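Once you know that position 211 of the sequence shown is 210 in numbering that gives the first Met the number 0, the rest is easy, because the numbers rise by one and skip nothing.
Contents: one structure, followed by commentary.
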Amino acid sequence: MLCVSSIIGAGIFLTPGTVAELLPEPSVFLAVWLVGGLLSLAGALANAELGAMFPRAGGDYVYLREAYHPLAGFVVGWLSFFVIYAGTVATLAVGFADGLARFLGLGDAGVASIAVLTIAAVSAVNYFGVRKGARLNNATAVLKLGAIVALSAWALTSSHGNWAHLFSASHSLPPGVWTNFGLALSPVLFSYLGWNAPVYVASEIHSPGFTIPRALFLGLGLCIAAYGLLNVVYLYAVPLEEIRGQANIGEQAARVLFGEAGATIVAALVLASVLGCLNATVLVGPRIAYAMALDGYFFPGVDRVHDRYRTPHGAIVAQAGTAIALVLLLRQFPSVLDYTTFAIVLATAADTTALYALRIRQPHKLRPYRAWGYPWLPALYLVANLFIAAVMLSGRPLECGIALIVTATALPFYWYLNPQAQRAH
0 MLCVSSIIGA GIFLTPGTVA ELLPEPSVFL AVWLVGGLLS LAGALANAEL
50 GAMFPRAGGD YVYLREAYHP LAGFVVGWLS FFVIYAGTVA TLAVGFADGL
100 ARFLGLGDAG VASIAVLTIA AVSAVNYFGV RKGARLNNAT AVLKLGAIVA
150 LSAWALTSSH GNWAHLFSAS HSLPPGVWTN FGLALSPVLF SYLGWNAPVY
200 VASEIHSPGF TIPRALFLGL GLCIAAYGLL NVVYLYAVPL EEIRGQANIG
250 EQAARVLFGE AGATIVAALV LASVLGCLNA TVLVGPRIAY AMALDGYFFP
300 GVDRVHDRYR TPHGAIVAQA GTAIALVLLL RQFPSVLDYT TFAIVLATAA
350 DTTALYALRI RQPHKLRPYR AWGYPWLPAL YLVANLFIAA VMLSGRPLEC
400 GIALIVTATA LPFYWYLNPQ AQRAH
C-alpha cells in the first residue's frame, strides 16, 4: 500500500493529454503505459536486491555509501532529502491546495495557506506514531484503488462511450513514431515514480528480505493494472484526438460519461489521491535525513527518536520546514514539479549503478533476493533514466540547473558535518 500511495497521485489524471500529443494511435498510447510500468519494474528489480541486502532506513543514501564512498551516499542523500522528498511534499501540497481552493473559491493567498496547513497536518500525523501514518496510508490507498475500480466499471458500462475509440483505422505506423514513443516515456515514467518507497523504511519492516521485494512487485503490479484500466476508460470516453492536450483527462472523461456530477466526483478522487500520495511521501522522506544523522552526516538532533511515539521526530520537523519554505519560495507548481522530477531521475539512476558496483565489490554478502534478469533488465531502466535526464536538461534547463546547484551544496556541508574530512584537510 505504501507503493500504491506513493505512485498514484495526480499524474495518471493529468499526464495522458501530454502523452497522447506524441503518439499516433490508441494501441501505441496504451502500449507506452505498459512499457513504462515494465521499465519501472526493471528498476524495482535492482532496488529489491539492494533493500533486502541493506534493510536500513535511508534507501539511496545507504546503497551509494556502501557501493562507492560515504561522500557519494551523502550527495545522493542530500539530493533525496532537500530536492526529491521536500520538493515532492511541496508539489503535492500545492496541487492539493489548488484543487481544494477551486471548490472553496479561494485565491492565490488561500492556496498557499492551505498548502502550508496541509503539510503541517500530515506531518503531525506521522510525528505522533508510525502506525498512525501507516493506517492513514493504507486507508487512502485502499480507498483510491477501490474508487478507481468502481468508477471504471461504472464508466465502461455507460452508453455514452464508444469502443471504436480504442482501435485505429490505419494498419501502419508513421515515420518517427519510435522517437516520439521514447519522448512519451518521460511523463509516463514520472507517473510511476514512487515505486521504491518501501526501501526507505526498511528498518521498520518485519522480515525485510522477504517483504521488500514482494511489496515492490505487488505494489507496482497493482498500479500498472490501475493505469491500464484508467487509460482504457479515457479512450472509451474520448477519442485519442480529443485526449491530446487535455490538462485533466480524468475530469473530461467523467464529464462525457456521467455529466458534471461525474466530473465533480473525479475531481474529489484526484484530491484524495494527492492527499494519500502526500502522506506516503511525508512518511518516507524523513528516514533519509535520520539515517544520515545516525552516521554523523547531518545536522544535530535529526537523529533523535521520540521517547513516546518512536518516530524520527527531528527529521519529520526538518522535512516539513523545508517543504513549507519551498511552497513559499517557489509558488509556481510546474517549476517545482520539474525541479523535483529531474532529481528523482538522477537518484534512481545512481542507485541502479550501485547494484552493479556491489555485485563486484561485495560478491559474498548475503542477498535474500537477487535481481531477476541481471544485468540486462536493470540496465534498461538505467538507460531510460539517463535518456529522460538528458531530455529534461535540454528542455527545462532552469529547473534542472537549480536541482544541480542544490546538489552541489552538499559538498561544503559534507566537509562541515564530517569530522574525519576536516581532520584529513
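We put the CB at the ideal spot given by N, CA and C, even for glycine.
Quick caveat, the model's predicted, so the values are computed rather than measured.
Leaving aside the five residues that flank residue 376 on each side, the residues in its chain whose CB is nearer than 7 Å to its CB run, in chain order, 41, 44. When secondary structure is reduced to three states using DSSP, residue 388 falls in the helix class.
A distance of 8 Å or more separates the beta carbons of residue 55 and residue 288.
Per the C-alpha coordinates, the member of 210, 252, 213 positioned closest to residue 230 is 252. By DSSP's assignment, residue 200 forms a beta bridge with 56.
Distance check between residue 147 and each of 93, 223, 166, 184 places 223 closest, using alpha-carbon atoms only.
The distance from the Cβ of residue 413 to that of residue 286 is about 20 Å, inconsistent with a contact at the 8 Å cut-off. DSSP places residue 291 in the helix class (H, G or I) of the three-state scheme. Per DSSP, the unbroken alpha helix (DSSP H) holding residue 261 starts and ends at 259 to 283. Contact between residue 354 and residue 48 holds: their C-beta atoms lie close to 6 Å from each other, under 8 Å. The residue among 38, 14, 83, 8 with its C-alpha nearest the C-alpha of residue 372 is 38. Closest in alpha carbon position to residue 163, among 53, 237, 95, is 237.
The beta carbons of residue 46 and residue 256 sit no closer together than 8 Å. One Cα belongs to residue 210, the other to residue 204, and the distance between them is close to 8 Å. The three-state reading of DSSP puts residue 302 in coil, since its state is none of H, G, I, E or B. Per DSSP, residue 192 lies in no alpha helix (DSSP H) segment and is marked neither H nor E.
Sequence-distant Cβ neighbours of residue 349 in its own chain, meaning closer than 7 Å and more than five residues away, are 59, 63, 75.
In the pairwise beta carbon analysis, the region 65 to 83 is classified as not touching the region 239 to 248: fewer than three pairs are separated by under 8 Å.
Taking residue 24 as the centre and dropping the five residues before and after it, the same chain places the C-beta of 167, 169, 172, 239 closer than 8 Å to its C-beta, in chain order.
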